[in-house]
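First to last, the protein sequences are chains A and B. Residues in the first sequence are numbered consecutively from 1, following the working numbering. Residues in the second sequence are numbered consecutively from 1001, following the working numbering.
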Amino acid sequence: MNDIDFRGTPYYLDFADHEEVEELLSHWGQKGMKFRWPADDNWEYYQAFEAWGEVCDALLAQLGNNDALKKQFKEMGEKNDGVALDAFVAYWNSIPLQNAREISHSSEVIRGAVWAVNRNLSAFKETAMLSLLDLKKALDDTEGWWWSRWFSIGVDRSEVEKKSRSLVHEFDLGMKPLTSQLEQNVGQARELIVKQKAVLEQIAKPMPKNLGLGP
Amino acid sequence: MAGPEGAMWNPDSLNKGSKAIEGIAGAVSELIITNDRIYDRRAPRPSDQRDPIPHHYKLFYADGLAVEVNAAAKAVLDALRNLRSQVTWGSDGLARMAKKETAVEDHNLAAAYGKLEKKLDRPEGETS
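Dropping the structure here:
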């Protein structure tokens, strides 16, 4: 078991009433689903979602929607005329302004992707938990059936085990489409992030030196 | 005021423009510092929290994605650093135009901006 304590996080508390199946979920998640409970806590992705939001608005406020700057640029255009100013305006619009928009947009897309992963992991865990509760109830019922017959006429224990295995198998089959859907969703989120990372890395490429633009 | 080659030239407005852009470069710097401190952005960190054996932790759903989220967090910081340089070049150019001996009819300055724009502009479709 992972020693990270997620017991105080909101998504953990969602499942706090189901202590009886926590151990089962932990075991089943790690061995069968490659999913660690509670270590793979989606709450981290929610935190990441919130953190990614901050850059988007701040950048656009500074470069794209800055009224004071727009006013200054308008005044410069009205009072100056020449090839250097034209070149500056073209440069400003196509490089710093465009890059600010792209950084902001990429951050927004990544933000959406980590949000989606957060929701998908949460929904998956909730469904798995509820399915396990059903399985546990069905297995308990089976054991009850076995005990009642044991005291009355005696019964072949293998029949109970066979039925139990069948219930577990049914549970595994029921979870397969959900696992597949989770894999697909996480894969899509990864694709989005990789694509936006490539945009950011392009903007981050090493810059030329000694440009002779200084005063 | 007429520039050296007869163009309209107003150093005061150019200086004000340069200062305004300089202020934006400062704001981007602040943004870089703030973002560098947002550790939560890289919250799903497999190396910190997962099984220390790499081929183990890579098997899990969240970890493969976390690697990309972490890399994107680094990329956005690097992109912001370059953006700050690009903004500063805008400010530097306007300050140079405002100087008496250069003015807005500075063909060298125009050529420098043109070359810079060409060098920095990504070929269409390269990242899409």
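Backbone N, C-alpha and C fix where the C-beta goes; we use that ideal spot for every residue, glycine too. Model, not experiment: these values are computed from the prediction.
Flag residue i as yes if its beta-carbon sits less than 8 Å from any beta-carbon of chain A, otherwise no.
i, result
"residue 1033/B", "no"
"residue 1009/B", "yes"
"residue 1029/B", "no"
"residue 1017/B", "yes"
Let me make sure I understand the geometry here. Which of the options has the alpha-carbon closest to that of residue i?
i, options, result
"residue 67/A", "1024/B, 1092/B and 1089/B", "1024/B"
"residue 107/A", "96/A, 208/A, 69/A and 192/A", "192/A"
"residue 198/A", "1074/B, 1030/B, 1083/B and 1019/B", "1074/B"
"residue 139/A", "81/A, 54/A, 168/A and 74/A", "168/A"
"residue 1072/B", "200/A, 127/A and 210/A", "200/A"
"residue 181/A", "158/A, 162/A, 124/A and 210/A", "124/A"
"residue 165/A", "186/A, 135/A, 175/A and 194/A", "135/A"
"residue 203/A", "1116/B, 1067/B and 1083/B", "1083/B"
"residue 1115/B", "142/A, 87/A, 105/A and 115/A", "87/A"
"residue 64/A", "105/A, 82/A, 162/A and 76/A", "105/A"
"residue 1016/B", "1092/B, 1069/B and 1080/B", "1092/B"
"residue 142/A", "51/A, 162/A and 126/A", "162/A"
"residue 1086/B", "85/A, 196/A, 84/A and 91/A", "91/A"
What does residue i reach in chain A if we use C-beta pairs closer than 9 Å?
i, result
"residue 1100/B", "Correct list: empty, because the minimum Cβ distance to chain A is about 11 Å."
Run through chain A and tell me which residues come within less than 8 Å of residue i, C-beta to C-beta.
i, result
"residue 1121/B", "94 and 95"
"residue 1068/B", "190, 193, 194 and 197"
Leaving aside the five residues before and after residue i along the sequence, list all residues of the same chain whose C-beta is less than 8 Å from its C-beta, in chain order.
i, result
"residue 1054/B", "Because residue 1054/B sits at a pLDDT of 41, beneath the cut-off of 50, its placement in the model cannot be relied upon, and the point is left open."
"residue 1077/B", "1032, 1035 and 1036"
"residue 1052/B", "Residue confidence for residue 1052/B is low, a pLDDT of 45 falling below 50, so the modelled location carries little weight; the figure read from the coordinates is stated next. Once the five neighbours on either side are set aside, residue 1052/B has no close Cβ partner at all."
"residue 89/A", "73 and 77"
So, for residue i: in the same chain, excluding its five sequence neighbours on each side, which residues have a beta-carbon less than 7 Å away from its beta-carbon?
i, result
"residue 1097/B", "1014, 1103, 1104, 1106 and 1109"
"residue 99/A", "203"
Given that residue i touches chain B, what residues does it touch there, using C-beta distances under 7 Å?
i, result
"residue 58/A", "1031"
"residue 85/A", "1097 and 1104"
Can a CB atom of chain B be found closer than 8 Å to the CB of residue i?
i, result
"residue 80/A", "yes"
"residue 107/A", "yes"
"residue 128/A", "no"
"residue 116/A", "no"
"residue 123/A", "no"
"residue 138/A", "no"
Give me the chain B residues within the contact set of residue i, using Cβ-Cβ distance strictly less than 9 Å, ordered along the chain.
i, result
"residue 99/A", "1079, 1082, 1083, 1086 and 1120"
CB-CB under 6 Å to residue i, same chain, minus the five flanking residues each way: which ones, in chain order?
i, result
"residue 173/A", "none"
Give a single yes or no on whether residue i has its beta carbon closer than 7 Å to a heavy atom of the ligand FAD.
i, result
"residue 118/A", "Questions concerning the ligand FAD fall outside what the structure shown contains, since it holds no ligand whatsoever."
With a threshold of 8 Å between beta carbons, is residue i in contact with chain E?
i, result
"residue 112/A", "Of the protein chains in this structure, namely A and B, none is chain E."
*When Cβ atoms are compared, which residues of the stretch 176 to 208 of chain A fall closer than 8 Å to chain B?*
182, 183, 186, 189, 190, 193, 194, 195, 196, 197, 198, 199, 200, 201, 202, 203, 204, 205, 207 and 208
_Proximal residues, the stretch 1104 to 1121 of chain B versus chain A, C-beta separation under 9 Å_ = Within the stretch 1104 to 1121 of chain B, the residues whose Cβ lies closer than 9 Å to some Cβ of chain A are 1104, 1105, 1106, 1107, 1108, 1109, 1110, 1111, 1112, 1113, 1114, 1115, 1116, 1117, 1119, 1120 and 1121, listed in chain order.
*asked:* Give me the subset of the stretch 59 to 77 of chain A whose CB atoms are less than 8 Å from a CB atom of chain B, sorted by chain position.
replied: 59, 62, 63, 66, 68, 69, 72, 73, 75 and 76
*Anything in the stretch 156 to 172 of chain A with a Cβ closer than 7 Å to a Cβ of chain B? List those residues in chain order, please.*
Taken residue by residue, none of the stretch 156 to 172 of chain A has a beta-carbon sitting less than 7 Å from a beta-carbon on chain B.
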